[in-house]
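**Q** Using the numbering used here, you'd call the opening residue of the sequence shown number 183 and step up by one each time.
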Amino acid sequence: MSDQATTTMHDAIIIGAGVCGIYMLHKLLEMGMDATVVDAAERPGGTWNKNRYPGARFDSESYTYAYSFNEEIMQEWDWSEHFAGQPETLRYLTYVVDKLGIRDHMQFNRTVTAARYDEDRCCWHLEFADGQSLSCRYLCTAIGLLSAPTKPRYEGVPCFEGESFHTYDWPEGLDYSNKRVAVIGTGATGVQIISEIADKVSELKVFQRRPNWCAPLKNSKIEDQAALKAWYPEMLEKMGQTLSGFVHSPILVPSKDLPLEEKEAVWEELYDQPGFGIWLGNYYDILLDEDANQDFSDFIARKIRQRVNDPATAEKLIPKDHGFGTRRVPLETRYFEAYNNPNVELIDIGETPIERITPTGIKTSEADYEFDIIVYATGFDAITGAFDHIDFVGRGGEKLRDKWECDPLTYLGLQIVGFPNLFSLAGPQSASVGSNFPPAIQSVVDWTTELVGYLEKNKIVSCEPTLASEQAWQADVKMGYDKTLLGNAKSWFTGYNSNVDGLDRFRHMVYFNGAPKLRESLGNESENGYPGFRMEKSPEASGQSKEDAPVEAF
Ligand code: NAP
183 MSDQATTTMH DAIIIGAGVC GIYMLHKLLE MGMDATVVDA AERPGGTWNK
233 NRYPGARFDS ESYTYAYSFN EEIMQEWDWS EHFAGQPETL RYLTYVVDKL
283 GIRDHMQFNR TVTAARYDED RCCWHLEFAD GQSLSCRYLC TAIGLLSAPT
333 KPRYEGVPCF EGESFHTYDW PEGLDYSNKR VAVIGTGATG VQIISEIADK
383 VSELKVFQRR PNWCAPLKNS KIEDQAALKA WYPEMLEKMG QTLSGFVHSP
433 ILVPSKDLPL EEKEAVWEEL YDQPGFGIWL GNYYDILLDE DANQDFSDFI
483 ARKIRQRVND PATAEKLIPK DHGFGTRRVP LETRYFEAYN NPNVELIDIG
533 ETPIERITPT GIKTSEADYE FDIIVYATGF DAITGAFDHI DFVGRGGEKL
583 RDKWECDPLT YLGLQIVGFP NLFSLAGPQS ASVGSNFPPA IQSVVDWTTE
633 LVGYLEKNKI VSCEPTLASE QAWQADVKMG YDKTLLGNAK SWFTGYNSNV
683 DGLDRFRHMV YFNGAPKLRE SLGNESENGY PGFRMEKSPE ASGQSKEDAP
733 VEAF
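#1: Would you report the Cα separation of residue 184 and residue 575, rounded to the nearest angstrom?
#2: At 3 residues or longer, and completely inside the segment 487-515: list those beta strand (DSSP E) runs for me, N to C.
#3: Need the endpoints of the alpha helix (DSSP H) that residue 202 sits in, please.
#4: Let me make sure I understand the geometry here. Which of 446, 633 and 201 has the alpha-carbon closest to that of residue 480?
#5: Excluding the 5 residues flanking residue 404 on each side, which residues of the same chain have their C-beta closer than 7 Å to its C-beta?
#6: By how many angstroms is the C-alpha of residue 345 removed from the C-alpha of residue 193?
#7: Should the segment 611-630 be regarded as contacting the segment 681-693, the criterion being three or more beta carbon pairs within less than 8 Å?
#8: Under the rule that 16 or more other beta-carbon atoms within 10 Å means buried, what is residue 734, buried or exposed?
#9: Which class does residue 192 belong to by DSSP, given the choice of helix, strand or coil?
#10: Let me know the secondary structure DSSP gives residue 336 once reduced to three states.
#11: Quick test of the definition: if touching needs 3 or more C-beta pairs under 8 Å, does the segment 284-295 touch the segment 634-646?
#12: Would you list the one or two residues that DSSP bridges to residue 674?
#13: Helix, strand or coil: how does DSSP classify residue 187 here?
#14: Apart from the five residues just before and just after residue 541, which ones in its own chain have a Cβ nearer than 7 Å to its Cβ?
#15: What's the gap between the Cα of residue 682 and the Cα of residue 334?
#16: With a 10 Å radius around its C-beta and 16 neighbouring C-beta atoms as the bar for buried, classify residue 187 as buried or exposed.
#17: Can you tell me where the alpha helix (DSSP H) holding residue 410 begins and where it ends?
#18: Please report the residue range of the alpha helix (DSSP H) in which residue 657 lies.
#19: Please give me, in chain order, every unbroken run of the beta strand (DSSP E) with length at least 3 that falls completely inside the segment 566-645.
#20: Could you check what DSSP says for residue 699 in three-state terms: helix, strand or coil?
#21: Would you say residue 248 and residue 228 are within 8 Å of each other, going by their C-beta atoms?
#22: If you drop the 5 nearest sequence neighbours on each side, which residues of the same chain put their C-beta closer than 6 Å to that of residue 704?
#23: What do you reckon, is the C-beta of residue 415 under 7 Å from a heavy atom of the ligand NAP?
#24: May I ask you to list the residues that DSSP assigns as paired with residue 321?
#25: Do the CB positions of residue 483 and residue 490 come within less than 8 Å of each other?
#26: Examine the ligand NAP and report whether any of its heavy atoms sits within less than 7 Å of the Cβ of residue 366.
#27: Can you look up residue 368 in the DSSP assignment and give me helix, strand or coil?
#28: For residue 302, name the three-state secondary structure that DSSP assigns.
#29: Taking 8 Å as the cut-off, does the segment 508-525 touch the segment 357-375 (at least 3 CB pairs, one atom from each stretch)?
#30: Alpha carbon to alpha carbon, how far is residue 652 from residue 386?
#31: Reducing DSSP to helix, strand and coil, say where residue 518 ends up.
#32: Give the C-beta separation of residue 531 and residue 391 to the nearest angstrom, bearing in mind that I take them to be a contact with Cβ-Cβ under 8 Å.
#33: Report yes if the CB atom of residue 318 is closer than 8 Å to the CB atom of residue 305, and no otherwise.
#34: Identify the residues that DSSP records as bridge partners of residue 538: which are they?
#35: Near residue 257, what residues of its chain come up, given a Cβ to Cβ distance below 7 Å and the 5 sequence neighbours on each side ignored?
#36: Tell me residue 239's beta-bridge partners as DSSP assigns them.
Pasting the structure below:
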């Protein structure tokens, strides 16, 4: 580590200049703190800067994804489509940064490699890949839920002589027209790419391990900006009431015992509506009851069979290992129709596994395929992956990697015992993983800045949760998994990743009890004087020498 005497000390450092980091920086600067954002990328935007693959776009409504903390921004910014494409979202985030005038407080091309807590000084020391270092009293992570891409570990991956890359690193300006392209992976990313490029490439082969339940996006241009903006107050009120933080609220009638014709009429309407309504605005028991879920899954399976001409391909596209909505539902535009193009072929690698990547393409147990481009749409070491890339070392030299080896442990998804003054704003078990990201992070950022204000005012130098509150939060998180079907499927919601050693197993990553309950938990903490935290005053504030200063619980 470099000499700490030459290390710049900030009040707060935020790692990550995406949706969350931008807002946290704004709030801390507004409080008059010396705060800075550091990011490995070359510009702000986070996930919307990095995911530049063809077809990348929102599948939550543009305006429900946007920030709501600033009325002027809401009214000034015009979204062109109900589900904006990635370039527009990146422009939006750039506009927000400049509108707030916070760019001078952002440092780019700065990759954090380690963050160590200094117990004597009650501060964090950060090390960067370029050998430099920075220190701060408050460390905030806004490092993304899906920012650690993972590729398969097939033999031969580096030997491919054409272009090959993970979707997170899509090469700028890549010409894929009239090329022979392989896409491995059929999650939300793969589905968007396949739909977008199917009729532009000469040949597309999709290598599918397990299909996902997809539903129509139904995107369209926004025709009446004034009418949309007049609806914003009502929209925000509604978003504040739903478990998911979106505008879609479930139908509070059990579907299980309803006549099939009655529920199918509702499902036909939902299938025709834009966005996540079909997942989050469906009968509530679809995500709670296996039989209710099966009826709806059968309905969607019939839709797939109607849309795909070849019955054998249609069957391969229907998930058999999980029910609708128990994994993240990709929203699609003509995805299933892509398989009706004569140049597109679906290869089920459950039936004919990939044996290796060759210099010219992909060899399965059945055939040798040649490609110009191989796209790895194989997802991410989700939520904890970005934390594992930084060597976080807390009190007593404890490593976060070790603490989270079996399962992430947090309080409120925000703080971790043994890691004082570290705020994981968008980490495991936090508001942002279980519900619409921007509104969730807004409430967490607002709450965290209020807490920081409290710490400052009371001259508290160290703040971390009590062990009891961390344990109680685990019980709460587990309850969310137990009471819904969302814990039943293997996906990043349940911590699985076959491409990382030791992660092909269940972990409690997501807070499934809903945004209102999380906000209530946060509110209870602050209103009651933070009983779930262990706070230590500075020796001067408590009138004692540092050695004698007691640990105070407020
Ligand atoms: P993902 O959902 O994890 O999907 C990864 C895909 O790659 C799966 O089909 C997986 O198969 C396959 N795969 C992984 N390893 C493989 C291997 N070794 N061999 C063969 N296939 C392999 O990842 P993603 O599609 O990138 O999406 C991640 C999340 O990003 C989404 O759930 C969503 O939250 C977010 N996202 C959002 C948007 C949006 O807002 N519009 C768009 C894209 C993504 P298995 O299913 O068998 O594991």
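Virtual Cβ for every residue (Gly too), placed ideally from N, Cα, C.
**A** To lay it out plainly:
#1: The residue you call residue 184 lines up with position 2 of the sequence shown. The residue you call residue 575 lines up with position 393 of the sequence shown. Only weak support is given to the placement of residue 184: the predicted model assigns it a pLDDT of 40, under 50, and the value that follows is read from those uncertain coordinates. Each residue's alpha carbon lies about 16 Å from the other.
#2: none
#3: Within the sequence shown, residue 202 is the residue found at index 20, counting from 1. Taken as a continuous stretch (DSSP letters only), the alpha helix (DSSP H) holding residue 202 covers 201-212.
#4: Translated into the one-based positions of the sequence shown, residue 480 becomes position 298. Of the listed residues, the one whose Cα sits closest to residue 480 is 446.
#5: Locating residue 404 in the sequence shown gives position 222, where the first residue counts as 1. Hits under 7 Å: 261, 262, 263, 264 and 410.
#6: As a first step, residue 193 must be located in the sequence shown, where it is residue number 11. As a first step, residue 345 must be located in the sequence shown, where it is residue number 163. In this model, residue 193 and residue 345 are separated by some 44 Å (Cα to Cα).
#7: yes
#8: For the purposes of this step, residue 734 is identified with residue 552 of the sequence shown, where counting begins at 1. Residue placement at residue 734 cannot be trusted, given a pLDDT of 33 that sits under 50; what the coordinates show is reported in the next sentence. When all chains shown are included, residue 734 counts as exposed.
#9: For this step, residue 192 is matched to residue 10 along the sequence shown. DSSP places residue 192 in strand when its eight states are reduced to three.
#10: As a working note, residue 336 is residue 154 in the sequence shown. It is coil, neither helix nor strand.
#11: no
#12: Taking the sequence shown and counting its residues from 1, one reaches residue 674 at position 492. DSSP lists no beta-bridge partner residue for residue 674.
#13: To locate residue 187, count along the sequence shown from 1; it is residue 5. Caution applies to residue 187, whose pLDDT of 46 falls short of 50 and renders its modelled position unreliable; the model cannot decide the point.
#14: The sequence position of residue 541 within the sequence shown is 359, counting from 1. So the list reads 341, 342 and 343, once near-sequence residues are dropped.
#15: Locating residue 682 in the sequence shown gives position 500, counting from the first residue. Locating residue 334 in the sequence shown gives position 152, counting from the first residue. Straight-line measurement puts the Cα of residue 334 at about 9 Å from the Cα of residue 682.
#16: Indexing the sequence shown from 1 puts residue 187 at position 5. In this predicted model, residue 187 has a pLDDT of only 46, less than 50, meaning its place in the structure is not dependable; the value taken from the coordinates is given anyway. A residue is called buried when at least 16 other Cβ atoms come within 10 angstroms of its Cβ; residue 187 does not meet this threshold and is exposed.
#17: To locate residue 410, count along the sequence shown from 1; it is residue 228. Here the alpha helix (DSSP H) through residue 410 covers 407-423.
#18: Locating residue 657 in the sequence shown gives position 475, where the first residue counts as 1. That run of the alpha helix (DSSP H) goes 649-665.
#19: 573-575 and 604-606
#20: As a working mapping, residue 699 is identified with position 517 in the sequence shown. Residue 699 falls in the helix class under three-state DSSP.
#21: As a position in the sequence shown, residue 248 is number 66, starting the count at 1. As a position in the sequence shown, residue 228 is number 46, starting the count at 1. For residue 248 and residue 228, no; Cβs fall outside 8 Å.
#22: Locating residue 704 in the sequence shown gives position 522, where the first residue counts as 1. The residues are 629.
#23: Residue numbering aside, residue 415 sits at position 233 when the sequence shown is read from its first letter. Outside the cutoff, so no.
#24: In the sequence shown, residue 321 corresponds to position 139, counting from 1. DSSP, once it has assigned bridges, lists 195 and 604 as partnering residue 321.
#25: Mapped onto the sequence shown, residue 483 falls at position 301. Mapped onto the sequence shown, residue 490 falls at position 308. Contact: no.
#26: As a working mapping, residue 366 is identified with position 184 in the sequence shown. Indeed, a heavy atom of the ligand NAP lies less than 7 Å from the Cβ.
#27: The sequence position of residue 368 within the sequence shown is 186, counting from 1. Three-state DSSP puts residue 368 in coil, outside helix and strand.
#28: As a first step, residue 302 is located in the sequence shown; it is residue number 120 there, counting from the start. In the three-state reduction of the DSSP assignment, residue 302 falls in the coil class.
#29: yes
#30: Along the sequence shown, read from residue 1 onward, the residue named residue 652 stands at position 470. Along the sequence shown, read from residue 1 onward, the residue named residue 386 stands at position 204. Taking the straight line joining both Cα atoms gives about 48 Å.
#31: Here the question's residue 518 lines up with position 336 in the sequence shown. Note: residue 518 maps to helix in three-state DSSP.
#32: Indexing the sequence shown from 1 puts residue 531 at position 349. Indexing the sequence shown from 1 puts residue 391 at position 209. Confirmed, about 5 Å.
#33: As a first step, residue 318 is located in the sequence shown; it is residue number 136 there, counting from the start. As a first step, residue 305 is located in the sequence shown; it is residue number 123 there, counting from the start. Going by C-beta atoms, residue 318 is nearer than 8 Å to residue 305.
#34: Counted from its first residue, the sequence shown places residue 538 at position 356. Residue 538 is bridged to 545.
#35: Position 75 of the sequence shown, counting from 1, holds the residue named residue 257. 411, listed in sequence order.
#36: In the sequence shown, residue 239 corresponds to position 57, counting from 1. Partner(s): 267.
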